[in-house]
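Down below is the structure, laid out as C-alpha cells.
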C-alpha cells in the first residue's frame, strides 16, 4: 500500500482489477488503455540537425538509456516513427524537409522541440538570414525543452512529460484551454 | 622549418611580403596581384612544400575585405598564413584552385557569401545558397527585411 502511494497516477495502469475465482476482471476504458500503450512505446525518428543531436545520442546510449522509458526503437523512416525530436537548428533550407518528414509520419504523431534553436531560433534569433525562428513556424510542437544544448536529463524529462500528456488523453487545444 | 627559419627564408625570398606580428602562426600580407605567383612558389619550392591549403576564408572589415589562406606542409609540418586586402567595391583575386584543388569549393563558398570574384576560376557559381539569391549575406551591410530581425 505504501509502495503504491509513491507511484503517481499517470504511471500506473489505467483500470481496476476485480478479483474473481480463477483470475480477475479488468475494468477500464479502451481510450485509456490505448493511450497507455501508445505512451509507453514511442518510437522516435532519427533526426538531428546540429549539436542537440549529440545530446540526443547520449540520451539514447548506455549512460542515460532512454529505452528505460520505452524510446529505444529509433526509426530511420518517418513512416514508422511516432515522435520527432527536433534536435537542432532549422534553417530555411531544412524547413520544407522537416515539414515533409512530419507529413509522412503516421498519426498519431508528436513533436518535441529540443533546445533554444528549435524553440525560438535561440542564438540565431537576431541578424541571421537563414534560420527559422522556432520550429513551430513549420510544424506544431507538443513539448519544448530549454537549454543550449539541453542535458540528457532535460530530454528525458521532456519525453516523460510527453508520456503524461498522451496518457491524459487530451489534445493540444484542450490542454491550452484548460478543459 | 621552425617559425624563425621560415621567417628568414621567406623574407629573403619574397622581400615585398609584410609580416603581421602577434599571431599564433606566421602571418604575411601580400598584394592581391602578386598572390598567384607567391602561391605557386609556396607550393612548389622544394624547401617550403606548402602542399595543403587547410583553410580559405574572407573577412569583412566594413572598409575593406581580407582574404585569408592557411597553408601547411605535410612533409615539413610548418604552417604559414597569407592575407590579402581587397577593396570593397570590386573585390577580385586570382584563383588558386589549380594549385590546391580544395580551393575550388572554398572559393565558391567565399564568392557565394562575400561576393569575391576569383579570376580564372573554372566554375564560379553559388555553392550553398540558391542560384537566384540576391546579395552576399556575410557582408556586414547585407540587408534582408524578411528573414532578418535586426538587433
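Protein chains in written order, with the numbering used here: chain A, 47 to 225; chain B, 288 to 438. All residues carry an ideal CB built from backbone N, CA and C; glycine is no exception.
- Within the region 397-438 of chain B, the runs of beta strand (DSSP E) that reach at least 3 residues and sit entirely inside it are, in chain order, 404-406.
- Of the other Cβ atoms in all chains shown, fewer than 16 fall within 10 Å of the Cβ of residue 420/B; this residue is therefore exposed.
- Straight through space, the alpha carbons of residue 436/B and residue 376/B are spaced by roughly 26 Å.
- Here residue 204/A has 158, 189, 191 as same chain residues with Cβ atoms under 6 Å from its own Cβ, once five neighbours each way along the sequence are excluded.
- The closest CA to that of residue 93/A, considering only 114/A, 131/A, 119/A, 109/A, is found on 131/A.
- The DSSP-derived three-state label of residue 316/B is strand.
- With contacts defined as CB atoms closer than 9 Å, residue 409/B and residue 391/B qualify as a contacting pair.
- Exclusion of the five residues before and after residue 195/A leaves 97, 98, 101, 161 as the residues of its chain whose Cβ lies within less than 6 Å of its Cβ.
- CA-CA distance, residue 316/B to residue 155/A, rounds to 57 Å.
- With respect to the 9 Å criterion, residue 135/A and residue 184/A are not classified as neighbours on the basis of their beta carbons.
- Within chain B, no C-beta atom comes nearer than 7 Å to that of residue 165/A; the closest sits roughly 15 Å away.
- If you ignore the 5 residues before and after residue 399/B, its C-beta comes within less than 6 Å of the C-beta of 413, 414, 415, 416, all in its own chain and listed in chain order.
- Chain A has a Cβ within less than 9 Å of the Cβ of residue 431/B.
- DSSP places residue 81/A in the uninterrupted alpha helix (DSSP H) bounded by 76-85.
- Distance check between residue 358/B and each of 340/B, 374/B, 346/B places 340/B closest, using alpha-carbon atoms only.
- Taking C-beta atoms under 8 Å as the contact rule, residue 105/A and residue 202/A qualify, at a distance of about 6 Å.
- Counting along the chain, the unbroken alpha helix (DSSP H) around residue 208/A starts and ends at 198-214.
- Boundaries of the beta strand (DSSP E) harbouring residue 133/A: 129-133, taken from the DSSP string.
- Boundaries of the beta strand (DSSP E) harbouring residue 160/A: 156-160, taken from the DSSP string.
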